[in-house]
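Protein chains in written order, with the working numbering: chain A, 2 to 332; chain B, 328 to 504; chain C, 31 to 764.
All C-beta atoms in this analysis are idealised placements derived from N, C-alpha and C, irrespective of residue type, glycine included.
This report concerns only the one structure given below.
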Amino acid sequence: MSALTYVRPDGVDEAIALVSADAGAAFLAGGTTQLDLLLKDGVIENSTLVDIGRLPLTGTSLLDGAVLRIGALTTMADLAEDPVVRERLPFVREALLAGASIQLRNMATIGGNLLQRTRCRYFRDRTVAACNKRRPGTGCAAVIGPARMHAILGADQNCIALHASDLCVPLVALDAEVRVQGPGGERTVPLTDFYVLPGRSPDVEHVLGHGEMITHVDVPLPPATSRSRYLKVRDRASYEFALASAAAALVVEDGTIAEARLALGGVGTVPWRAGEAEEMLRGVPATTAMFRAAARAALRDPYTLPGTAFKVELAQRTLVRVLEDLAEAAS
Amino acid sequence: MATSSTTGRTTGEVRVNGEARRLDLDSRVTLLDMLRDHLGLTGTKKGCDQGACGACTVHLDGRPVVSCLVLAAQCDGREVRTVESLARDGRLHPLQEAFIRHDGFQCGFCTPGQLMSAAALLAQRRASSADEVREAMSGNLCRCGAYPNIVAAIRDVAEQNGTAGDGGPGAARNGAA
Amino acid sequence: MTAVSSGKLLGEPVDRIDGHLKVTGGAPYPSDFSYPDMAHAALVQSTVAAGTIRSLDTAGALVAPGVLTVITHENAPALAEGPMTNIGPSPRFPLADNRILHHGQHVAVVVAETPEQARDAARLVRVEYDEAAPVLGVGNPDAPVLTDPYGMESSRGDVEAALAASDVQYDETFHMAPETNNPLGLFATVARWEDGRVTVHDSSQWPAMARQSIATVFGLPESAVRVLVPYLGGGFGAGLRTWPHAILAVLAARMLERPVKLVLTRPQMFTSVGHRPESVQRLRIGATTDGRLLAVDHEATATRGAEEMNIEPITMGTPDAYAWPSAATHDRLAALNIPNPGAMRAPGHAEGGFALESALDEISYRIGMDPLELRLRNHAEVHPSTGLPWSSNALRDCYRVGAERFGWSARPAEPRSLRDGAWLVGQGMAGVTFSRWAAVCRAQVSVGRDGAALVRCAGTDIGTGTYTITAQLAAELLGLDVEQVRVELGDSDLPLAPQSGGSGLALALSGAVEDAARNLLRAFLDTVRDDDSSPLRGRSLDEVAVTGGRIHLANDPSAGEDYAAILDRHGLRELVADGEKDPSPPEGLSMAPAGAFAAQFAEVRVHEELGIVRVSRLASAVDAGRVLNEKTARSQVIGAMVLGIGMALLEETSFDAGGRIANATLGDYLIPAHADVPDLDVAFVGGPDAFNAVGVKGLGEVGVVGVPAAIANAVHHATGRRIRSLPITLDKLL
């Protein structure tokens, strides 16, 4: 990059037009991962940044009292203080607060959080030749490296890059929807369908086309009787990505689980919805034995390496711990 | 549109420590490098340049951010405050005095960032307990290990001027085990 | 003259005299210096760990906007080798030829008008390698191994026989991950040539050595080189060498005839300025069932860079740590294709202390004795290797005071006996016997007509408090207020000083200041020797004392006068005196010069299901001889303890199969954050050391040494699990 063009358009349509027209252009929101990768690591190459940071896509609104609509440019800090998030989505707030330092929460946006790139140090080091995500077809250096902060679910020998977002873990459990605007108009994508498993094309991470922008995230609120919790396990007590995390929202009625929403972080190439585990828990007594069985199901068929094998057990225990905490609180 | 789009340069205006400064910079220049290399405000430090240490913390429109991950261009029309603005009229900010009194630094390199984060913490009344301060300040690394003294300095000022907060709804409880 | 108030242990907790500068952002660190017309350099580093450069294409970089030059092995001039120092030879110059000895070796430096241009153009340099298989890993059988590389191996008694005859035969192996110093300040060099002389702002803990190195390499007299480091953004040992990037910055400035600034990136900090090498230790200890330690055999292997040398004296402290009748040590150093290691706070001691103090804890459990009691029973009343009395040793007081403050006596012996909900709680402890080290130091002290003093010395204050303790000491020696003493440090043109390292500067510098102050007072007395109007006429040094800015008779404080009056009357602007201290023990000394001692106590909480370890309490009782400033001394110890927490639980420089460091950022290599550190308790015990006029013993490193073992022992107490490899991450406890 011998020169960088910076543009700050006044409207969404103009921003979309600018990026759509230029293959080397990208949106710049909070910038916390974008600028790191572009300027410092040199692993992405944009000749133009279209700064959307001041577009009017901030704040939240409540739709029909049932869905929280979050502007894509709302910061993590502001969303964490949102009254609806505080009251109805405590685990979203917990994930936001555990997700980054105060400085980064003041900068990073919700849309940017959804689109954050992996922390994989093989992806982020342009001198590493083998990276299917960066240069499709070159292989994966991480699978022979000392991988620790890597994925075990949705991973294979082609890519073990972790999706490191904390926020996305409760959001994917809640069936959040992503509202997208692009050159072809608007569309809505369920967050569970938004990310693409690496498979044979780890370079493709999500369903957005060039020039498409996240404008809002719609989060259906769980029932008022639901209790939720996000638990993040990491080496350092703060300011670190998760080794494993679990988000759970439970409705427990008379000791029986009426509804369960579960997702895992720190283990997946995408934010990992534990759908099978949810099914297993619906309608059964809230007991540790049930939780353990569900956790085993959630971690079925992991792809592990010597450095990541411990995550299978850790993630199960993390999920069980969260469920036990919620069941205890409900009783 | 506030910027030129062909030359790789950006023009604009940013208020730094209360003073309007014209921008005419290579668009790649970060806020951190603008402060240090172009405005001569070297109090703000570069410890990692990757948003992972907090040494470059400044206030952007009143909120602490890491200036290494902000383009100078993004600051056009906005307000930046750095450690150089903490003391007023030759009098140190109470936090600066407390850092000296409690020996809240050793090499001093992380200190400007620690101070800017701490000042924001007090403004938000989020210093009700040592644990709350520790969590909130964790984005500012100190390799000399002055942490206990930094926490003591912040708590001291918070208690003195009644900005500790009550540990209520604003208090940090995150999902960490 | 009373040298110092020798009965006093704790110096006044004076606020740092450089505090105002540091809290206002006004303290100038090397990267803060700029010059008009300054160019900026960026490094290109090898992406293979072994082999040769086949081709190097700089054409793309050279035509990039703003690029001034690209220096490679193909166009770099031949430079002389750097000098031998008291911690070994200088690092190899990486552009001497086309050979690659480690991943991250500098292969080119791009210089441009702006830092952005240099950085982005560096990515345009194309290098192709003929790659060879790198030799990696401390136990690699292909690694050339040096035996007794430091000449420090020792042996007394018949260790093998004593081990064989022991009731308890302990034999375990310990592994420690490599760590990276990671001072927060990115290392920087700003070089500016003028009329054949060069001024260098360099991130150095040792300006005198940096000057010598640059002079030697560029064939200059030392007087043509000036190295300035008034402030350093931490070093922890990383600043004890003149690293290749500094040479490259000086070279680029000479080639371009312009000032050049080179600031390392954080990833480059992992490969360019040293690290604590990986190590393996085998400890064999023989003991009786009633807790007498009979013999120790300590073998340690550390790593070095291929064609580099570093000193990692892991076993050094073991023979004199306890009163074992027989002791033997063995040092090995394996050469690998890794970045040149170097010193990291408490090099050798930290590793040796972890193994030794873990082993004692294990032995205490094997024989059913309280870990503290086992240490007390084997306390070295005299220096074990020589049989001489220690110059000071308050280790017993460290144990007693530390245990009291921590509440050790309430600790149940049984592992897994303390719990708080889901958290298992454990308590552990460790003792520390640190080595004494110091080198020759000089200082200059002057007093002018304003009655204020100036102390000047080339040594650095890397955050340790050198400015402040120097001012305090000079104030005490000259009878002045601290505010009346100005201190200039970090300038190689000032009187020679050793490194800020090895816990040695305070000891050496305090001796030099004491000598200089004494010489200065003598100069004042000489001035008035025949002065009829002076009440001090004809008096000698041992007849006078100093208080309130006055020299007066020791037995008659009213008979005296102030410095300014003497200078005034004699038409002098100031009087200046030099001082020097050679702190090495003379032949036939009847005592064994001691380093610092400490006892350290840790409490941890381990989540029973998730394996998370958090330190909840940490206490140190330290005998560092006379403490010059209680406030900065305490900071030294708490900082060291925080480093110990990182070493115990978090820090590991992770090499991948190709020799590349896989976690070279502060987001991936974890150092302790605020939330990892509880309040830390520090107590100073003992008294001034007998073998040195000021009574000081170094305390920069002692606080690291016992912490990893105390934490590991606490983890064992909490969980029943013994972890002999660091860091103790949660996966080891699941």
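What separation, rounded to the nearest whole angstrom, lies between the Cα atoms of B/S332 and B/C402? Here residue 332 of chain B refers to the residue found at position 5 when the second sequence is read from its first residue. Here residue 402 of chain B refers to the residue found at position 75 when the second sequence is read from its first residue. Per-residue confidence for B/S332 stands at a pLDDT of 49, beneath the threshold of 50, marking its modelled position as unreliable; the derived number appears in the next sentence. Computed Cα separation, rounded: 16 Å.
Cutoff 6 Å; reference A/V333; Cβ partners in own chain excluding five residues on either side: Past the edges of chain A, shown from 2 to 332, lies residue 333 of chain A, and the structure says nothing about it.
Taking the alpha carbon of C/Y65 as the reference point, which residue from C/N211, C/T144, C/L51, C/H103 has its own alpha carbon closest? As a working mapping, residue 65 of chain C is identified with position 35 in the third sequence. When only C-alpha atoms are compared, the closest one is C/T144.
Could you check which residue in C/T54, C/G81, C/A626, C/A142 has the C-alpha nearest to that of B/L422? Counted from its first residue, the second sequence places residue 422 of chain B at position 95. Proximity to B/L422 across C/T54, C/G81, C/A626, C/A142 peaks at C/T54, based on C-alpha coordinates.
Could you have a look at C/H50 and say whether DSSP puts it in helix, strand or coil? Numbered from 1 along the third sequence, position 20 holds the residue referred to as residue 50 of chain C. In the structure shown, the three-state DSSP call for C/H50 is helix.
Beta bridge counterpart(s) of C/Q457 as assigned by DSSP: Position 427 of the third sequence, counted from the first residue, corresponds to residue 457 of chain C. Note: C/Q457 sits in a beta bridge opposite C/E633.
Given C/G249, which residues of its chain have a CB within under 7 Å of its CB, disregarding the five upstream and five downstream residues? In the third sequence, residue 249 of chain C corresponds to position 219, counting from 1. Excluding sequence neighbours, C/G249 sits near A110.
Reference C/A628; option with closest CA among C/R312, C/W354, C/A739: As a first step, residue 628 of chain C is located in the third sequence; it is residue number 598 there, counting from the start. Looking at the Cα atoms, C/A739 is the closest of the given residues.
When you check each C-beta in the stretch 51-67 of chain A against every C-beta of chain B, which residues fall closer than 8 Å? Within the stretch 51-67 of chain A, the residues whose Cβ lies closer than 8 Å to some Cβ of chain B are D52, G54, listed in chain order.
So what's C/W467 in DSSP terms, helix, strand or just coil? Residue mapping note: residue 467 of chain C aligns to position 437 of the third sequence, counting from 1. Per DSSP, reduced to three states, the secondary structure at C/W467 is coil, with no helix or strand assignment.
Quick one: residues in its chain with C-beta nearer than 7 Å to the C-beta of A/R188, no 5 flanking neighbours on either side, listed in chain order? Translated into the one-based positions of the first sequence, residue 188 of chain A becomes position 187. If we look at A/R188 and ignore the five residues flanking it on each side, its Cβ neighbours are V181.
Along chain A, which residues have their Cβ under 9 Å away from the Cβ of B/L398? By one-based count along the second sequence, residue 398 of chain B stands at place 71. Chain-ordered, the chain A residues with CB closer than 9 Å to the CB of B/L398 read L5, Y7, L29, G32, L36, L40, L50, D52.
Contacts around C/A152, its chain only, beta-carbon distance under 6 Å, and the 5 residues preceding and following it disregarded: Locating residue 152 of chain C in the third sequence gives position 122, counting from the first residue. Taken in chain order, the residues that qualify are A72, V74, V140.
Enumerate in chain order the residues of its own chain whose CB-to-CB distance from C/T82 is below 6 Å, with the five nearest sequence positions on each side excluded. Residue 82 of chain C sits at position 52 when you count from the first residue of the third sequence. Counting only Cβ-Cβ distances below 6 Å, and skipping sequence neighbours, we find N128, R129, D160.
When B/A480, B/D483, B/R452 are compared against B/G492, the one with the closest alpha-carbon: Along the second sequence, one-based indexing puts residue 492 of chain B at 165. Taking the Cα of B/G492 as reference, the smallest distance to any Cα among B/A480, B/D483, B/R452 is reached at B/R452.
Kindly list, in the order they appear in chain C, the residues whose Cβ is closer than 7 Å to that of B/M464. Along the second sequence, one-based indexing puts residue 464 of chain B at 137. Simply H704.
Could you round the C-beta distance between C/A678 and C/I741 to whole angstroms and report it? I think they count as a contact, below 8 Å. Here residue 678 of chain C is taken as the residue at index 648 of the third sequence, counted from 1. Here residue 741 of chain C is taken as the residue at index 711 of the third sequence, counted from 1. C/A678 to C/I741, Cβ: 4 Å. Contact.
DSSP puts C/M206 in a beta bridge; with which residues? Counting from 1 along the third sequence, the entry for residue 206 of chain C is found at position 176. DSSP lists C/S309, C/L756 as the beta-bridge partner residues of C/M206.
Taking only the alpha-carbon atoms, compute the straight-line gap between C/E337 and C/V168 and give it to the nearest angstrom. What you label residue 337 of chain C is simply residue 307 of the third sequence in a count that begins at 1. What you label residue 168 of chain C is simply residue 138 of the third sequence in a count that begins at 1. One C-alpha to the other measures close to 16 Å.
Residue range of the beta strand (DSSP E) that includes C/K291: Within the third sequence, numbered from 1, the residue matching residue 291 of chain C stands at position 261. Per DSSP, C/K291 belongs to the beta strand (DSSP E) from 290-293.
With which residues is B/V393 paired in a DSSP beta bridge? In the second sequence, residue 393 of chain B corresponds to position 66, counting from 1. Under DSSP, B/V393 forms a beta bridge with B/T384.
State the CB to CB distance for the pair A/R94 and A/A81, rounded to an integer number of angstroms; the pair is presumed to be in contact (CB under 8 Å). Locating residue 94 of chain A in the first sequence gives position 93, counting from the first residue. Locating residue 81 of chain A in the first sequence gives position 80, counting from the first residue. Contact flag correct, Cβ pair sits at about 5 Å.
Interface residues of chain C around A/V144 at Cβ under 7 Å? The count along the first sequence starts at 1 and reaches residue 144 of chain A at position 143. Among the residues of chain C, none has a CB under 7 Å from the CB of A/V144; the nearest is roughly 11 Å distant.
Under the DSSP definition of a beta bridge, which residues are partnered with C/Q474? Along the third sequence, read from residue 1 onward, the residue named residue 474 of chain C stands at position 444. Answer by DSSP bridge pairing, in chain order: C/R486, C/D608.
Residues near C/D686 in its chain [Cβ-Cβ closer than 8 Å; skip 5 each side]: Within the third sequence, numbered from 1, the residue matching residue 686 of chain C stands at position 656. These residues qualify, in order along the chain: A692.
Could you tell me the alpha carbon to alpha carbon distance between C/A410 and C/L323, rounded to whole angstroms? Taking the third sequence and counting its residues from 1, one reaches residue 410 of chain C at position 380. Taking the third sequence and counting its residues from 1, one reaches residue 323 of chain C at position 293. When rounded, the distance between both Cα atoms is 11 Å.
Looking at chain C, is there any beta carbon in it that lies within less than 9 Å of the beta carbon of A/F92? Looking up residue 92 of chain A in the first sequence gives position 91. So no, A/F92 is outside the interface.
So is B/A447 in contact with chain A if we call contact Cβ pairs under 9 Å? Walking along the second sequence from the start, residue 447 of chain B turns up at place 120. Chain A places a beta carbon closer than 9 Å to that of B/A447, counting this residue as a contact.
Ends of the beta strand (DSSP E) at B/D351? Residue mapping note: residue 351 of chain B aligns to position 24 of the second sequence, counting from 1. Element bounds for B/D351: 346-353.
Below 9 Å between beta carbons: does that hold for C/G765 and C/V78? Residue coverage of chain C in this structure runs from 31 to 764, which leaves residue 765 of chain C outside it and unanswerable.
Near-chain F residues of the stretch 125-156 of chain A (beta-carbon distance less than 9 Å), N- to C-terminal order: Looking at the structure shown, chain F is missing, and the protein chains on hand are A, B and C.
A/Q117 versus chain B: which residues are under 7 Å apart at the beta carbon? Taking the first residue of the first sequence as 1, we reach residue 117 of chain A at position 116. For A/Q117, there are no neighbours in chain B by C-beta distance under 7 Å, as the nearest C-beta there is about 12 Å away.
Is B/G345 close to chain C? Criterion is C-beta to C-beta, closer than 9 Å. Your numbering for residue 345 of chain B matches position 18 in the second sequence. Chain C, which has no Cβ nearer than 9 Å to the Cβ of B/G345, makes this no.
Would you say C/M677 reaches chain B, if we count a Cβ-Cβ gap shorter than 9 Å as a contact? For the purposes of this step, residue 677 of chain C is taken as residue 647 along the third sequence, with counting starting at 1. With 9 Å as the cut-off, C/M677 does not count as an interface residue toward chain B.
Would you tell me roughly how many angstroms separate the C-alpha atoms of C/Y593 and C/G520, rounded to the nearest one? If you number the third sequence from 1, residue 593 of chain C lands on position 563. If you number the third sequence from 1, residue 520 of chain C lands on position 490. Between C/Y593 and C/G520, the C-alpha separation is close to 28 Å.
Would you mind reading off the limits of the beta strand (DSSP E) that contains A/H207? Reading the first sequence from its first residue, position 206 is the one you call residue 207 of chain A. From DSSP, A/H207 is part of no beta strand (DSSP E); its letter is neither H nor E.
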